[in-house]
Every structure is written in structure tokens, then in C-alpha cells.
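Quick note on this note's numbering: the sequence shown kicks off at 24 and runs consecutively. Every residue, glycine too, gets a C-beta built ideally from N, C-alpha and C. These numbers come from a predicted model, not from an experiment.
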Amino acid sequence: MRIKYVLSEVLTGLWRNVTMTIAMIITMAVSLTLVGASLLMFMQVNLMKNFYYEQIEVTIFLKSDATQPQKDAISAALSGDELVEDSEFETREQAFARFSEIFKDAPDLVASTKPDSLPESYRVKLKDPGKFPEIESKFQTMEGVDEIVDQKALLSKVFSVIGSLQKLALIIAIVQGVAALLLVINTIQVAAYSKRREVAVMKLVGASNWFIQAPFVLEAVAAGLIGAIIAYVILICSKIFVIDGTLKPLTTLLLDVPWSNVHLVFPAIAGVAVLISSITGWVALRFYIKV
Numbered sequence: 024m025r026i027k028y029v030l031s032e033v034l035t036g037l038w039r040n041v042t043m044t045i046a047m048i049i050t051m052a053v054s055l056t057l058v059g060a061s062l063l064m065f066m067q068v069n070l071m072k073n074f075y076y077e078q079i080e081v082t083i084f085l086k087s088d089a090t091q092p093q094k095d096a097i098s099a100a101l102s103g104d105e106l107v108e109d110s111e112f113e114t115r116e117q118a119f120a121r122f123s124e125i126f127k128d129a130p131d132l133v134a135s136t137k138p139d140s141l142p143e144s145y146r147v148k149l150k151d152p153g154k155f156p157e158i159e160s161k162f163q164t165m166e167g168v169d170e171i172v173d174q175k176a177l178l179s180k181v182f183s184v185i186g187s188l189q190k191l192a193l194i195i196a197i198v199q200g201v202a203a204l205l206l207v208i209n210t211i212q213v214a215a216y217s218k219r220r221e222v223a224v225m226k227l228v229g230a231s232n233w234f235i236q237a238p239f240v241l242e243a244v245a246a247g248l249i250g251a252i253i254a255y256v257i258l259i260c261s262k263i264f265v266i267d268g269t270l271k272p273l274t275t276l277l278l279d280v281p282w283s284n285v286h287l288v289f290p291a292i293a294g295v296a297v298l299i300s301s302i303t304g305w306v307a308l309r310f311y312i313k314v
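Right under this line is the structure:
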């Protein structure tokens, strides 16, 4: 009977302050969408790191006038180096074919580039990518070597930029979350004030604080859960229409976002919504309303 009463009071409270409830739900939905997007981005960056770091290569570019004996010396040194897992010589023609594939969406650039303008190179896969400085010190001074490029350093810069976007999304989510908390507090204050006489009567007849506070806290929790569901729907729509739609050509580079990660985000944002709403509701009642 008590549970039925509490639930009916929750529904009544949500409907009584419907405008503020809608504002609270929308704010929570926006905040949780940003939190969910930040979590997805975090998981995606880790997925990309694991994928690309496994394929990292060190490229040893040769001088244009490198002689065959110099190339043979470099090849022999690579074959006998215990840090090297595999190495492959790439001719100018092969480099041009790779260049043409990478920039196939820019035909003018490919047309203006000639195979002779691309250097020959050795593409080296290390057993441990962290040993690049040792490889660089060994081969940089060899005759015929022009430049040694570590793909890990290039990828680290890319991931650094993506990491900055992660932090920006998280900061915006926190700001939105603060706005949501203030709305939760304000909504509970209004709800408690509108029922101040009922609360006073309940206190007089010996009702416990938990019984009095439960409907107000559950109103905030209900609004938070609805906001989490809306945020989850927004993330699903973003996956279908943006990631798998507009950004589909980029998934070969950025990798596809797994549906499992999208679904995994929902319990996380729902848990955050329930936790924040319940704690905020209790604090508002305990220290602001004094019921």
C-alpha cells in the first residue's frame, strides 16, 4: 500500500510541475548524451590504438642517389637485427601505387605526382615499437639513408588531438550536468513547497523522513531515467544516421563503432542518472527544504 502511494505521488509530482520536469529531462538528456558520446569516444580511441599500434611500421627512406651496395648493406643489417620482426623493400613504383590508393579521392594530386618523385624505402616492423630510438641510432648514420620515420610518433599526435576532443566533450558534459543538478534541486524545492501542508501533517502523524522524502527523490530519479533513455536513443540515431551514414567513408580510417559499445553505454549513463538524481534529491531535501 505504501509503495502504491509513493508511486502515485511520484506521478502526481511529475505532472504537477510538468514544465520544470520537461526542462529537467531535456537538460539531463543533453548532459547524458555528451557523457555517452565521451565514453564512446574513449572506447573508440582505445580500439584504434590497439588496432593501429599492432600495425606500426618504421620507414627508412633512402636517398635518391643510394647505390645498390648501400641498399644491400641496409637490407643485411635489417635481416640480422634482433629488434626487427620483418622488413620489406619498397620501390618507387610500389610507393606510387600505395600513394595512389591513399589519395584516390584526390585525383588531381595523384595526377600531378610522378613515381620518380617518391623515394625508395624499407618498411620495418619492430618486435617492440618502443625500441625505435635504438633502430634510429643504428641506421640513421648508414650510407644511403635519408630519413627514418616512426609511425607511432605520427599516430601519437593524432591521438593527442582526439584526446583533446574527448576532454572538451567531457567538460561540456560536466557543465550541462551542473545545470541539470540545479534544475533537479529547483524542481524538488518547488514540489516540496507546493506540498508543505501535506508534509507538515505527515510529520505530525509520525511519518518517517524516508516515507516523506521518497516521492520527491523518486521524481528526480524518474526524470533522470527518462533523460538517460532519450540520450540512448540519440546515440543509436547518431550511430545509424551519422557514423554509419554520413561518416561511413571515414570508418576505414577511424574504424567502425561497434554496436556492443553503444549498448554498453546505456547502463553507464542510466547508472549516472540514477546516482546523481537520487543524491541531489536527498541533498536538496536534507539541507534546503528541511522536511
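Check: Apart from the five residues on each side of it in sequence, which residues of its chain come closer than 8 Å, Cβ to Cβ, to residue 142?; Outcome: 84, 85, 86, 87, 115, 118 and 169
Check: Identify whether residue 298 lies in helix, strand or coil by the three-state DSSP scheme.; Outcome: helix
Check: Per DSSP, residue 112 is paired with what?; Outcome: 145
Check: Is it true that the segment 45–60 meets the segment 121–132, where meeting means three or more beta-carbon pairs spaced less than 8 Å apart?; Outcome: no
Check: Could you please give the first and the last residue of the uninterrupted alpha helix (DSSP H) stretch that includes residue 53?; Outcome: 41–76
Check: Do you know whose CA, among 263, 306, 270 and 192, lies nearest residue 237's CA?; Outcome: 306
Check: Along the chain, where does the alpha helix (DSSP H) that runs through residue 133 open and close?; Outcome: 130–134
Check: Mind listing, in chain order, the continuous beta strand (DSSP E) runs of no fewer than 3 residues lying wholly within the segment 154–184?; Outcome: 168–173
Check: Per DSSP, what are the beta-bridge partners of residue 253 in this structure?; Outcome: Its beta-bridge partners do not exist; DSSP assigns none.
Check: Output yes or no for whether 9 Å exceeds the beta carbon distance between residue 208 and residue 303.; Outcome: yes
Check: With burial defined as no fewer than 16 other Cβ atoms inside 10 Å of the residue's Cβ, what is the status of residue 294: buried or exposed?; Outcome: exposed
Check: In or out: residue 126 buried (at least 16 other Cβ within 10 Å) or exposed?; Outcome: exposed
Check: What is the rounded straight-line gap between the Cα of residue 61 and the Cα of residue 138?; Outcome: 43 Å
Check: Could you give the distance in angstroms between the alpha-carbon of residue 259 and the alpha-carbon of residue 285?; Outcome: 7 Å
Check: Which residue from 79, 253 and 190 puts its Cα closest to that of residue 153?; Outcome: 79
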